[in-house]
Amino acid sequence: MTKHSDVQQDNPGNQPGLPTPPPQGWLPAQRRDMILNLLLRDDVVRVPDLARMMSTTEITIRRDLDALSKAGLIRRVRGGALSLNSTEAAPEAEEKPIREGPGASVGGASTHSMLESNPDNDLYSVGSLMSVSSGAPAIGSGQTSRGTIGVVLPEPSFFWPAVTEHIRQIARDLYNMDIVARETSYEDYPETGILDELSKTDHLRGIIVAPSINPAIAEATWRWLADSPLPVTVLEREPPLWSDHFIDSVHTNHPVGVRKALLHFRDHGHTRIGLALGYTPTSGDIELGWRLMMQDREDTMEEAFLLTGREAYEADDVNDIADAIIRTGATAVLVHPDYLSIAVAQALQQRGKHVPQDVSLISIDGYTTPSTRPLTVLRSSEFDLAQSALRLLTKRMGDRARQTEHVYIDPRLIDRGSVTRPHRES
Numbered sequence: 001m002t003k004h005s006d007v008q009q010d011n012p013g014n015q016p017g018l019p020t021p022p023p024q025g026w027l028p029a030q031r032r033d034m035i036l037n038l039l040l041r042d043d044v045v046r047v048p049d050l051a052r053m054m055s056t057t058e059i060t061i062r063r064d065l066d067a068l069s070k071a072g073l074i075r076r077v078r079g080g081a082l083s084l085n086s087t088e089a090a091p092e093a094e095e096k097p098i099r100e101g102p103g104a105s106v107g108g109a110s111t112h113s114m115l116e117s118n119p120d121n122d123l124y125s126v127g128s129l130m131s132v133s134s135g136a137p138a139i140g141s142g143q144t145s146r147g148t149i150g151v152v153l154p155e156p157s158f159f160w161p162a163v164t165e166h167i168r169q170i171a172r173d174l175y176n177m178d179i180v181a182r183e184t185s186y187e188d189y190p191e192t193g194i195l196d197e198l199s200k201t202d203h204l205r206g207i208i209v210a211p212s213i214n215p216a217i218a219e220a221t222w223r224w225l226a227d228s229p230l231p232v233t234v235l236e237r238e239p240p241l242w243s244d245h246f247i248d249s250v251h252t253n254h255p256v257g258v259r260k261a262l263l264h265f266r267d268h269g270h271t272r273i274g275l276a277l278g279y280t281p282t283s284g285d286i287e288l289g290w291r292l293m294m295q296d297r298e299d300t301m302e303e304a305f306l307l308t309g310r311e312a313y314e315a316d317d318v319n320d321i322a323d324a325i326i327r328t329g330a331t332a333v334l335v336h337p338d339y340l341s342i343a344v345a346q347a348l349q350q351r352g353k354h355v356p357q358d359v360s361l362i363s364i365d366g367y368t369t370p371s372t373r374p375l376t377v378l379r380s381s382e383f384d385l386a387q388s389a390l391r392l393l394t395k396r397m398g399d400r401a402r403q404t405e406h407v408y409i410d411p412r413l414i415d416r417g418s419v420t421r422p423h424r425e426s
């Protein structure tokens, strides 16, 4: 059944849920990323809708779907594709149009219920914003908004829509502020134009942003942020090393996540472990954490392999990882991102190896894996990232001269049973 949500995100001008294609059109890797992310929102996608949204031909879309299906990432059906956890009957794929609004699968729980389910969170002080806007109504009073916060995060994405919605709800319920959300692309589309437009918003008080890591546009974005008169908080990104401007930031502590994963493997008796990474904004932090752990590893722990820059929908890349696992005798593997984890598990199965019976596996950023392949995951907390970003931003609103602050939030390890003891321990 197609998933629905009562939550609506800003979509000015009734823009479609995908960024504007670059002049040369989307590359195959870009289109396939978008298809996978659309299937996080809806259980079914249709070829004609995808072709129209991506400004390409239906033949091209069919090839993309075939490639994703062969990688074990989607279920190919007549007229479109289903997500792996879909319960739709295959013939219905032709009849259900995909929705074109961002954030379509974001839940609508209130902030108060989220706070009750997060009893250990360090909640904001109710008075934290009073110094920003003296004489403002009490938080949660339902009176006039104290202003607007701009949120500029990537889309399509694995979890950014949920972060945006948490920011929206927390800003409304605890700070009595509105947000205006804008979307950026992971590719060559300039972000400064989006920021320029956003800065014209009435009563804008500050910006929360995740800049691109694409060198072609990142420099201009960071320069814009450095010159901005508005308070800024950055999510999950590091500024250029030689930048002389320092900005408050919130990060998932991926090196700690790697440590959690390796300890989990070790506790189950694994000593020969590999790491496989795609190319993402956080893969460098994960690799750094891995290298630090390997430099100081116990005598019994061995690095089986380290593979970087792999893509889930490139058969050669996935086969390289599966072959490395078998060739090196690795009994456990840490994989990022989650689509790559699913593809690796599929490739191992095609070779007669199964997770976790033959190979234990932990997926980093496990947002899609609770499907037909439940995998133990390291997951960033959308709520904590949103909460911390708002806390830093409102503190900066109240005191522009305060020292720059950086918050690192440990990911959670969620055990779904894909790590067991190896058959033969060395």
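For the sequence shown, the positions run 1 to 426 when the UniProt record's numbering is used.
Quick reminder that beta carbons are idealized off the backbone N, C-alpha and C, glycines included.
How long is the line joining the alpha carbons of residue i and residue j, rounded to whole angstroms?
i: A171; j: G206; result: 12 Å
i: R76; j: L334; result: 28 Å
i: N176; j: T394; result: 12 Å
i: S360; j: L262; result: 12 Å
i: P28; j: G398; result: 46 Å
i: G79; j: D33; result: 19 Å
i: T376; j: T404; result: 35 Å
i: D384; j: G284; result: 22 Å
i: H270; j: D299; result: 13 Å
i: I414; j: R379; result: 7 Å
i: A330; j: S388; result: 38 Å
i: P231; j: R396; result: 6 Å
i: A322; j: I59; result: 30 Å
i: D267; j: T57; result: 50 Å
i: R62; j: I35; result: 11 Å
Just grab the DSSP bridge partners of residue i for me.
i: G80; result: R46, V77
i: G206; result: I149
i: D178; result: T148
i: A276; result: L307, V335
i: R379; result: R412
i: S360; result: A332
i: S249; result: V234, H406
i: E287; result: E287 pairs with nothing; no bridge assigned.
i: P211; result: Paired residues: none, contrary to the question.
i: T394; result: In the DSSP output, where bridge partners are listed per residue, T394 has none listed.
i: P154; result: T184
Starting from the C-beta of residue i, find all residues in its chain whose C-beta is less than 6 Å away, skip the five residues before and the five after it, and write them out in chain order.
i: W26; result: M54
i: T111; result: For T111, the pLDDT reaches just 36, beneath the cut-off of 50, and the residue's location in the model is therefore unreliable, leaving the point undetermined.
i: R237; result: A210, P211
i: H254; result: T282, D285, I286, G289
i: F246; result: T404
i: V250; result: L235, L385, S388, A389, V407
i: A226; result: H245
i: V65; result: According to the sequence as given, residue 65 is Leu; it is not Val. Hits under 6 Å: R76, A81.
I'd like to know whether the C-beta atoms of residue i and residue j end up nearer to each other than 8 Å.
i: T233; j: D248; result: yes
i: D178; j: T221; result: no
i: L38; j: V47; result: no
i: H336; j: T420; result: no
i: L195; j: W160; result: no
i: V152; j: T184; result: yes
i: G257; j: P422; result: no
i: E382; j: H203; result: no
Report back the beta-carbon spacing between residue i and residue j to the nearest angstrom; my notes put them in contact at under 8 Å.
i: V318; j: A324; result: V318 to A324, Cβ: 11 Å. No contact.
i: D338; j: D365; result: 6 Å
Note down, in chain order, each residue of its chain lying with its Cβ closer than 7 Å to the Cβ of residue i, except the 5 sequence neighbours on either side.
i: R327; result: none
i: L340; result: A276, G278, R310, A312
i: A343; result: A71, G72, L73, A312, V318
i: T201; result: T148, G150, V180
Only counting the same chain, and skipping five residues up and downstream in sequence, which positions put a Cβ closer than 8 Å to that of residue i?
i: R259; result: G289, M293
i: I273; result: L262, F265, M301, E302, E303, A304, A330, T331, A332, V333, L334
i: L307; result: G274, L275, A276, L277, D320, I321, A324
Check whether the Cβ of residue i sits closer than 7 Å to any heavy atom of the ligand SAM, and report yes or no.
i: S418; result: Although the ligand SAM was asked about, the structure shown includes no ligands whatsoever.
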